[in-house]
Each structure stands twice: as structure tokens, then as C-alpha cells.
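*Asks:* Dropping a structure here in C-alpha cells format, bear with me for questions.
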Amino acid sequence: MAIVYPSDVILFEDSDVRLSRRILRDMSQRGRTLESILKQYATFVKPCFEEFTLPTKQYADVIIPRGVENIVAINLICQHISNILSSKSSVMSRMEKIRVRRFSESDKLCSNGTWED
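Here our numbering is used: the first residue of the sequence shown is 19, the next is one more, and so on.
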């Protein structure tokens, strides 16, 4: 199945990676202790992830194995999104030109700055 209109991109990282990144960030940037980080993670972060975020994975159109390590898959997704945006941009540009042309051909501007039908 091809991705036609992706609306959301959610990256699911391995739980060990998520926890290690949180520990490094919270200790270095927030001055927190390892004990407080682990307590918060076990009490709030992990249960909330499992209850609210993880269930959304079943609705994914594409799941990239090996996460951020899978450069080939990530590049394919990025290229596909870029193509969609370019295509939409091209269509919008053509529509805008048509709208402007119709507007200028069918309507005349009065001397007081209003449009005459």
C-alpha cells in the first residue's frame, strides 16, 4: 500500500534508548539525580507511553525497523514526503495562476478601488 497523504509521523524508539537519552538529558541539563529520573520514568513516563502512545502504532502505514539506524528507509520516507509537497506546491501554484488570470480577465477595478462586476 502506498502512502498517499501522510498526516503524522511518529517515531518509536526502543525503550532502552528512550530511557538512556532521558537519563543523559535530565542529569546534564536539568541537574536531576538518577534515582529521581528512574522513579519518574517508572511511575509516569513508561505507563503513559504504554497507555496512550504505543496503541497508536497499530494504525501506522509504515513501520521502520531499527528506527533511526535505518537510513535507507528514512531517506525513502523523506523523499516521498518531499515529492508530495512538491506536487501539492505545483498544483497550488497552477491553481493560483488560474485564479489570478480569471480574476483579472472577468473583473474590472473601479476608480474608487472597488471591484466592478
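For glycine and all other residues, C-beta sits at the position ideal for the given N, C-alpha and C. Model, not experiment: these values are computed from the prediction.
(1) Can you find at least 3 beta carbon pairs, one from the segment 32–47 and one from the segment 59–75, that sit closer than 8 Å?
(2) Where does phenylalanine 67 fall in DSSP's three states?
(3) To the nearest angstrom, report how far apart leucine 56 and alanine 78 are at their CA atoms.
(4) Since I believe isoleucine 41 is in contact with leucine 52 (beta carbons under 8 Å), could you give me their beta-carbon distance rounded to a whole number of angstroms?
*Replies:* Once the coordinates are examined:
(1) Flag = yes, the segment 32–47 and the segment 59–75 touch.
(2) Look at phenylalanine 67 here: in three-state DSSP terms it is helix.
(3) 29 Å
(4) The distance from the Cβ of leucine 52 to that of isoleucine 41 is about 7 Å, consistent with a contact at the 8 Å cut-off.
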